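Step one of this worksheet: look at the structure below.
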Amino acid sequence: MLNVVSLVSGLEPDTSVPVETLFSNASRPSVHVIGGGEFLDSITSILGPMSYIPAPVETSTQLTVAQEAGTGTIVVIDGALPGALEICQAMDELVPKILISPESSFSFRAKCAQANVTTVMSAPIDQAEFINWLEHFGGQMSSQPASILLVDDDPLASEVYAEMLRANGMTVSVLNDPFNIIMTMERSFFDLVIMDLQMPGTNGIEIAKIIRQHQNHLSIPIVFLSSEEDKQVQMKARQFGGDDFISKRADLDALVSLIHLRVQRARVLRNLIERDGLTGLLNHRRFKERVGHEMARYRRTKLQFCVAMIDVDHFKKVNDTWGHPVGDKVLSILARALVGWVRKTDVVGRYGGEEFAVLLLDTSPDMIFEVMENFRKHFAKMTFDGLGEQFSLTVSIGVAGCTADGDGAALFAQADKALYLAKSNGRDQVVIAEPEATPACSKTASADAGKT
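Using the numbering used here, the letters of the sequence shown correspond one by one to residues 1167 to 1618.
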């Protein structure tokens, strides 16, 4: 979720003075919106359910906030504004800028590129695409360091490179025994693998082939760092799983820059592959993979985490009564509300249909009960437009915590049983599963206590 700052002056988008808008949420980068009227309404309808709070800001000079925008700011501009491209050009080139416009010609896109526009989205705004862009830019601004796995049989050389990368803000794990590559990659998630080409008993190309045999590792970039100068060998390295080839003779500063760029690009592509098209959340497979990584981390660190399963009560009635477009809008709003409710470090995914899942890190089920209970109440107060008819919905939530002798499948089964119990007990409530997976639950809460 992102901070969006709003600067409202009451002018329509077709006036000579643009409207500036900001919605605030302290835990995310800021998003500066330039445009009013229906444009501002459409942005507000997307961001409002995510706990963004609009705050009018008065400035004596128009576009002051946008022109002075720096790190941590995303700008969204109404392309219908006179001089919209000039507004973009006046800003820092590195500030992410999203221009909303129905224009799609090459000449227009070229002008946008010249004005340093980062992204052009068509109007009307597609909610999932818009959220994906915000999350993408927010991720680029994130303080989350790049996670690197360095595979090299030479302990001294690998530590030299590792320290250099760490000095540039990256998290680096060193693997000197390449035969442990799969076990290492299953225990942790890495943004990038850097690997020597020549190693005793094996070689980098062989290891790359082994990595690519696992579906979970298909999207992780592999960069070969080697003194090998044979172009045919370099091409073979790329052909069989490698994404790039960097000479060990390369300038160290250039090496760091290349790795930063490769990580950034990999995160962009991974985001596109792993996201649900409607909601912009992690899809089912990627969410389960992430839980698997956290389970491995828990075994090492003993830092507990929870999974919450959330299901919309009587959702079929929404589709049957008002149609699937209204149902899709409900799911999109629920997704944004969940992202806005939990911490930035937590992970929200679409588990399937009207069912969502949240991975809540470094916490226990008892600690998370109140968070989910308050969300249940928050969602129940929302109203939806069913083709002119207003309606409300509730959710049922099942929560389970990881255990030392469990695995990802057992954790999902526990949360699923707790969700089933919440449904069977009357819906609109939160249930925490007992560690033994018994039918009883340690805590429940509902809008109608005692309902059966």
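Built from N, CA and C at the ideal position, the CB exists for glycine as well.
Source: prediction; values computed, not measured.
With a contact defined as Cβ atoms closer than 8 Å, Q1398 and F1411 miss out at about 12 Å. Closest in alpha carbon position to G1493, among F1481, D1594, R1404, is F1481. When only Cα atoms are considered, I1243 and L1300 end up about 13 Å apart.
Remark: C-beta atoms of C1472 and G1572 do not approach each other more closely than 7 Å. In the DSSP assignment, Q1398 falls within the alpha helix (DSSP H) that extends over 1397-1405. The region 1335-1344 makes contact with the region 1313-1321: 3 or more CB pairs, one atom from each, lie closer than 8 Å. Taken atom to atom, the span from the alpha-carbon of P1531 to that of A1584 is near 12 Å. Contact check for R1428 against P1491 fails: the beta carbons are separated by 7 Å or more. Going by DSSP, D1477 is part of the beta strand (DSSP E) stretching over 1472-1478.
Restricting attention to beta strand (DSSP E) runs no shorter than 3 residues, the region 1290-1336 encloses them at 1313-1317, ordered along the chain. Rounded to the nearest angstrom, the Cβ distance from A1523 to M1475 is 6 Å, consistent with a contact under 8 Å. Between E1394 and the set A1416, L1206, A1503, the nearest pair of CA atoms involves A1416.
Here the alpha carbons of L1500 and G1214 stand approximately 11 Å from one another.
Fewer than three Cβ pairs drawn from the region 1347-1356 and the region 1432-1444 lie within less than 8 Å of each other, which leaves the two stretches out of contact. Around the beta-carbon of H1380, fewer than 16 other beta-carbon atoms lie within 10 Å, marking it exposed.
Here DSSP, grouped into helix, strand and coil, assigns V1597 to strand. Look at the region 1433-1506 and you find these whole runs of alpha helix (DSSP H), each 4 residues long or longer: 1450-1467, 1481-1488.
Its chain contains T1549 as the residues whose beta carbon lies nearer than 6 Å to that of Q1556, once the 5 sequence neighbours on both sides are disregarded; these appear in chain order. Rounded to the nearest whole angstrom, the C-alpha separation of M1330 and V1596 is 48 Å. Beta-bridge pairing by DSSP links E1204 to no other residue. Residue environment for E1259: exposed (fewer than 16 other C-beta atoms within 10 angstroms of its C-beta).
The Cβ atoms of R1516 and D1442 lie closer than 7 Å to each other. The straight-line gap separating the alpha-carbon atoms of G1592 and R1404 is approximately 57 Å.
Rounded to whole angstroms, the separation of the alpha carbons of Q1310 and T1529 is 20 Å. Per DSSP, reduced to three states, the secondary structure at E1352 is helical. In the same chain as R1452, and ignoring 5 residues on each side of it, the C-beta atoms closer than 6 Å to its own belong to E1440, in chain order. Less than 7 Å divides the Cβ of A1294 from the Cβ of G1446.
The DSSP-derived three-state label of P1220 is strand.
Leaving aside the five residues that flank L1448 on each side, the residues in its chain whose CB is nearer than 8 Å to its CB run, in chain order, E1440, R1441, D1442, R1456, V1513, V1514, G1515, R1516.
With respect to the 7 Å criterion, T1560 and D1594 are classified as neighbours on the basis of their beta carbons.
Going by beta carbons, P1268 and A1281 fall outside the 7 Å limit.
Note on geometry: alpha-carbon atoms of L1444 and T1487 lie some 20 Å from one another. For G1564, DSSP records a beta bridge to M1475, V1597. Around the beta carbon of R1466, fewer than 16 other beta carbons lie within 10 angstroms, which makes this residue exposed.
Residue pairing by DSSP puts G1518 in a beta bridge opposite E1521.
In this structure, DSSP gives M1257 a state outside helix and strand, which the three-state scheme calls coil.
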